[in-house]
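Heads up, the sequence shown is in the numbering used here, so the first residue is 16 and it goes up one at a time.
We put the beta carbon where it would ideally sit given N, CA and C, even for glycine.
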Amino acid sequence: MNQYPAPLTIDAKTRETLKVLFLAKHALGDGSLHPEDGNHAVYHNEVRTILEGLFDNLLVGNQYAMLFDPPEVDFVFSLLNRGGFVNSEMLVPLLCNRKGLPYLGGSPILRGLSDDKHLSKLVARARGIPTADWAIYRKGGPVDEKLCPMAERMVIKPNASSASWGVRDAGDWAGVKDAIAAIHEEGHDAIVEPFLTGSDVEVPVVTMHGRPLILPMMLFEQADPTHLRTYWEKRDLVERASKYELVDFEGSPFEAEIAAHTANLAQEFVPFDYGRYEFRLDAEKGELHFLEVNLNCNLWSQKVFGRSAVRAGWTQEQLIETIVAESLRSHGLMD
């Protein structure tokens with residue numbers, strides 16, 4: 016296993032005096048599984064508990080309105096990314112910028128760039144990273160069949176979806192067109208791409224001392240490489256153990272190539288504090304394609320970041336503290 020640096024720490028004075036606002040949809044919950052958001056409720060409770068151990072002055076909330084006329088705080092840690100409306104990923108950093116409040120994560124424009132799968136793929140392709148063909152169909156725009164890179168099986172999903180929410184597949188243009196119409200009706204842009212057989216390589220990246228640090232990669236290994244993972248599976252709302260599992264990705268001949276692509280693409284998003292870079296790998300065919308970037312992604316201990324941190328020799332508490340410490344340093348809130 017590679018040697019990873021020691022986690023960063025927050026000094027005693029900062030712990031005692033810094034006033035931090037934690038925002039998350041389930042920040043005020045008891046940590047139970049939510050009927051629609053599933054394990055996100057557990058995740059938000061876990062982060063809140065860790066932050067309570069890091070800071071003496073922690074304010075907790077679950078509404079964007081807390082930033083309209085914000086309380087007297089020094090720093091905002093927000094997991095309030097998905098607000099139920101298009102481009103909500105950008106709202107918290109925008110509200111913080113409006114009031115001059117330092118916050119965790121990338122700027123609004125970078126958050127929007129990563130949230131828009133079409134734009135992220137354009138950036139990846141411009142940097143020479145292998146990316147399968149795709150088509151974007153914006154809500155209200157034309158739905159032109161000529162733009163679609165048709166294959167035997169196509170995947171259609173909201174262009175800014177999270178955890179495969181709203182994903183569909185189709186085998187002909189009629190099915191693709193119907194799926195696009197349904198996504199537009201739901202208020203979203205649609206992205207269309209050929210289904211790529213294989214498993215997803217997940218690359219967690221944090222910023223340390225101003226530079227991206229690639230943590231140990233993980234693999235969503237699929238029992239059936241043609242299975243289309245769903246939102247309900249990713250949120251642990253249905254049984255999925257027999258379909259895929261999260262395993263270590265180490266010693267693969269593709270590891271160095273994926274690390275190089277990630278380091279290349281990460282330069283477009285610095286500074287971002289933390290994010291997950293995703294690739295689809297068909298090891299049998301030797302084919303690798305960039306999928307998407309998720310800045311300010313899921314940090315739960317049972318998901319990619321938490322499992323990866325353990326492999327790097329960090330606890331979940333040290334992972335959160337490292338990410339926050341780096342952000343505080345970059346904002347001039349801590350030496």
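Check, Outcome
"Can you tell me which of 155, 154, 175, 186 puts its alpha carbon nearest to the alpha carbon of residue 166?", "186"
"Quick check on this structure: which residue in 53, 188, 126 has the alpha carbon closest to the alpha carbon of residue 108?", "126"
"Using 8 Å for Cβ pairs, my map puts residue 306 next to residue 295. What's the rounded Cβ distance?", "5 Å"
"Less than 9 Å between the C-beta atoms of residue 233 and residue 170, yes or no?", "no"
"Whose CA, out of 54, 33, 31, lies closest to the CA of residue 42?", "54"
"Ordered along the chain, which non-local residues of its own chain (more than five positions away) have a Cβ less than 8 Å from that of residue 148?", "164, 208, 209"
"Would you say residue 416 and residue 265 are within 9 Å of each other, going by their C-beta atoms?", "Past the boundaries of the shown model lies residue 416; the chain is included only from 16 to 350, so the question cannot be answered."
"For residue 323, count the other beta carbons within 10 Å of its own beta carbon; 16 or more makes it buried, fewer makes it exposed. Which is it?", "buried"
"What do you reckon, are the CB atoms on residue 293 and residue 215 nearer than 9 Å?", "yes"
"Over the uninterrupted alpha helix (DSSP H) stretch that includes residue 203, give me the two end residues.", "Run containing residue 203: none; DSSP gives neither H nor E here."
"With DSSP run on the structure shown, which of helix, strand or coil describes residue 113?", "helix"
"DSSP puts residue 185 in a beta bridge; with which residues?", "169"
"Label residue 224 either buried or exposed according to how many other C-beta atoms from any shown protein chain fall within 10 Å of its C-beta, with 16 as the threshold for buried.", "exposed"
"Please go through the same chain and pick out, in chain order, the residues whose beta-carbon is closer than 8 Å to the beta-carbon of residue 119, but skip the five residues on each side of it.", "90, 91, 92, 93, 288, 311, 338, 339, 342"
"Answer yes if the stretch 70-77 comes into contact with the stretch 34-41, meaning at least three C-beta pairs across the two stretches below 8 Å, and no otherwise.", "yes"
"When you compare the CB positions of residue 71 and residue 349, do they come within less than 9 Å of one another, or not?", "no"
"Any idea which residues DSSP pairs residue 295 with across the strands?", "215, 304"
"In this structure, what does DSSP give as the bridge partners for residue 147?", "Note: residue 147 sits in no beta bridge, so no partner."
"Pick helix, strand or coil for residue 273, following the three-state DSSP scheme.", "helix"
"Does residue 159 pass the burial test, meaning 16 or more other C-beta atoms within 10 Å, or should it be called exposed?", "exposed"
"Just reading off the beta strand (DSSP E) that residue 34 is part of, what are its end residues?", "34-38"
"Looking at the structure shown, is residue 349 part of a helix, part of a strand, or coil, going by DSSP?", "coil"
"By the DSSP assignment, the alpha helix (DSSP H) with residue 319 in it spans what residues?", "319-326"
"Out of curiosity, what's the CA-to-CA distance linking residue 220 and residue 155?", "36 Å"
"If we ignore side chains and look at the alpha-carbon of each, how far apart do residue 18 and residue 329 end up?", "12 Å"
"Under a three-way DSSP split, which group does residue 227 fall into?", "strand"
"According to DSSP, is residue 237 part of a helix, a strand, or is it coil?", "strand"
"Using a Cβ-Cβ cut-off of 6 Å (strictly less than) and excluding sequence neighbours within five positions of residue 111, which residues of its own chain qualify?", "91, 118"
"Are residue 73 and residue 114 closer than 9 Å when you measure CB to CB?", "no"
"In three-state terms, what does DSSP make of residue 129?", "helix"
"With residue 72 as the anchor, note down where its beta strand (DSSP E) starts and where it stops.", "72-76"
"In three-state terms, what does DSSP make of residue 24?", "coil"
"So, under 8 Å CB-CB, residue 259 and residue 284 are touching, yes? Tell me the CB distance rounded to an integer number of Å.", "Actually they are not in contact, since the Cβ atoms of residue 259 and residue 284 sit about 27 Å apart, beyond 8 Å."
"Select from 52, 69, 65, 144 the residue whose C-alpha is nearest the C-alpha of residue 304.", "144"
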